[in-house]
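Following UniProt numbering, the numbering of the sequence shown begins with 1 at its first residue and continues without gaps.
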Amino acid sequence: MSSVEIRDVKVTRYITPLREGGSLPAIAEADDGFKYVVKFRGAGHGVKALIAEMLGGEIARKLGLKVPEIVYAELDEAFGLTEGDEEIQDLLRESRGLNIGIHFLSGAINFDPVAVRVDGELASKIVWLDAFITNIDRTFRNTNMLLWHKEVWLIDNGAAFYFHHSWNNWEQQAKTPFTYIKDHVLLPQADMLDEVDEKFREILTGEVLREIVDLIPETWLQWEQSEETPEQIREIYFRFLTTRLTHSGIFINEAKNARNAVV
Numbered sequence: 001m002s003s004v005e006i007r008d009v010k011v012t013r014y015i016t017p018l019r020e021g022g023s024l025p026a027i028a029e030a031d032d033g034f035k036y037v038v039k040f041r042g043a044g045h046g047v048k049a050l051i052a053e054m055l056g057g058e059i060a061r062k063l064g065l066k067v068p069e070i071v072y073a074e075l076d077e078a079f080g081l082t083e084g085d086e087e088i089q090d091l092l093r094e095s096r097g098l099n100i101g102i103h104f105l106s107g108a109i110n111f112d113p114v115a116v117r118v119d120g121e122l123a124s125k126i127v128w129l130d131a132f133i134t135n136i137d138r139t140f141r142n143t144n145m146l147l148w149h150k151e152v153w154l155i156d157n158g159a160a161f162y163f164h165h166s167w168n169n170w171e172q173q174a175k176t177p178f179t180y181i182k183d184h185v186l187l188p189q190a191d192m193l194d195e196v197d198e199k200f201r202e203i204l205t206g207e208v209l210r211e212i213v214d215l216i217p218e219t220w221l222q223w224e225q226s227e228e229t230p231e232q233i234r235e236i237y238f239r240f241l242t243t244r245l246t247h248s249g250i251f252i253n254e255a256k257n258a259r260n261a262v263v
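1) Taking the continuous alpha helix (DSSP H) assigned at proline 230, which residues delimit it?
2) Do the CB positions of arginine 41 and serine 95 come within less than 7 Å of each other?
3) Quick one: what does DSSP say tryptophan 153 is sitting in, helix, strand or coil?
4) For lysine 175, count neighbouring C-beta atoms within 10 Å of its own C-beta (all shown protein chains included) and say buried if the count is 16 or more, exposed if not.
5) For threonine 199, which option in Glu69, Glu121 and Ile100 has the closest C-alpha, if you only look at C-alpha atoms?
6) Can you give me the C-alpha to C-alpha distance between glycine 101 and threonine 179, rounded to a whole angstrom?
7) At the level of alpha carbons, what is the spacing between leucine 193 and methionine 145?
8) Check this for me: beta carbons of alanine 30 and isoleucine 15, under 7 Å apart or not?
9) Anyone know if the C-beta pair for histidine 184 and valine 114 falls short of 7 Å?
10) Among Val263, Thr12 and Glu195, which has the Cα closest to the Cα of phenylalanine 79?
11) Does the separation of the CB atoms of glycine 46 and alanine 160 fall below 7 Å?
12) Starting from leucine 24, trace the alpha helix (DSSP H) both ways and give me its first and last residue.
13) Quick one: grab the DSSP three-state call for histidine 164.
14) Name the residue from Pro17, Lys182 and Ile6 whose alpha carbon lies nearest to the alpha carbon of leucine 91.
15) On a Cα-Cα basis, can you pick out the residue from Ala60, Tyr237, Ile216 and Pro230 that is closest to asparagine 168?
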C-alpha cells in the first residue's frame with residue numbers, strides 16, 4: 001500500500017470564485033463537510049495545471065513542508081447548472097469529472113515578506129523545492145504562501161513543471177539551471193542550500209517519486225494532442241523528476257549564484 005494517498009470527495013456547493021489570475025478557481029464545499037479551493041480541468045491550462053498542483057504539493061509534503069490537504073474533487077453532470085454567471089457556468093460544464101481541491105485554510109492571511117522573516121533553513125527548503133519542480137510563481141508579486149497559525153503554508157503549484165506545456169526535449173529541460181529562481185521571494189534568506197540539497201536527495205528516493213507520480217489519475221493523462229499513452233506520459237514525469245534530482249547541482253549552483261548577486 002502506498003504511503004502517499006489522496007482522498008476523493010464530491011463537490012456539493014459552489015460558494016464563490018477567486019478572481020485572482022486567469023484560471024478562476026473557486027471556494028466550494030464537498031460531501032465531507034469541508035471547504036476547498038477547487039481548481040478546474042476546464043480552465044486555461046487544463047489538466048496539466050492540476051498535475052503540477054498535485055505533484056508539487058505532494059513532493060513538498062514529503063519533504064516536510066506545510067501544504068494544505070489535496071483531494072480529488074469530482075463534479076457531477078448537474079453541477080453548476082444554476083450558476084448565474086455564464087463564464088463560470090461554461091467553466092463548470094467543461095470541468096465535469098475529476099478536478100483538484102486544496103483544503104481551505106480558514107483565517108489564513110497572505111504571506112508578507114516584509115512583515116514576516118523566514119529562517120534560512122525554511123527559506124532554503126522552499127527555494128530548493130521550487131527550483132526542483134521549476135515553479136516560476138513564488139515571487140514578491142505573488143508569493144503563493146499563506147500564514148496560518150503562525151506557520152508558513154505553501155499553496156498554488158499550478159505553474160510548476162512548465163516543460164509539460166511544450167512536451168519536447170524533456171531530458172534537456174530536466175537539466176536546466178532554472179534561471180527564474182533569481183525572482184524567488186525567499187532567495188535572500190536561503191543560506192543553507194547545500195545542506196538542504198543533501199537532505200532532500202536522501203528523502204526523494206526513486207520509490208517515493210514513483211509513488212507520487214502514480215497518484216496522477218489516468219483521466220488527467222488522456223491528452224488529445226499526444227500520441228503517447230497515459231502510462232508513457234506518467235513515465236516521462238517520473239524520469240523528468242529522477243533526472244532533475246540526479247543533476248540537482250545544476251539548479252543549486254544557479255540559485256547560489258543568483259543569491260550572491262542580491263545579498
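Idealized CB from N, CA, C, for every residue including glycine. Quick caveat, the model's predicted, so the values are computed rather than measured.
Quick look at the numbers:
1) Per DSSP, the continuous alpha helix (DSSP H) segment holding proline 230 begins and ends at 230 to 246.
2) Against a cut-off of 7 Å, the Cβ pair of serine 95 and arginine 41 comes out as a contact.
3) In this structure, tryptophan 153 counts as strand in the three-state DSSP scheme.
4) Exposed is the label assigned to lysine 175, since fewer than 16 other Cβ atoms lie within 10 Å of its Cβ.
5) Checking the sequence, you will find lysine at residue 199 rather than threonine. Checked all of Glu69, Glu121 and Ile100; the closest Cα to lysine 199 is Glu121.
6) Straight-line measurement puts the Cα of threonine 179 at about 30 Å from the Cα of glycine 101.
7) Their Cα atoms are separated by approximately 20 Å.
8) Not a contact, by the Cβ cut-off of 7 Å.
9) No.
10) Check the Cα spacing between phenylalanine 79 and each of Val263, Thr12 and Glu195: the tightest is with Thr12.
11) By the CB criterion at 7 Å, glycine 46 and alanine 160 fall outside the cutoff.
12) From DSSP, leucine 24 is part of no alpha helix (DSSP H); its letter is neither H nor E.
13) When DSSP states are grouped into helix, strand and coil, histidine 164 belongs to the helix group.
14) That would be Pro17, whose Cα lies nearest to the Cα of leucine 91.
15) When each option's Cα is compared against that of asparagine 168, the closest is Tyr237.
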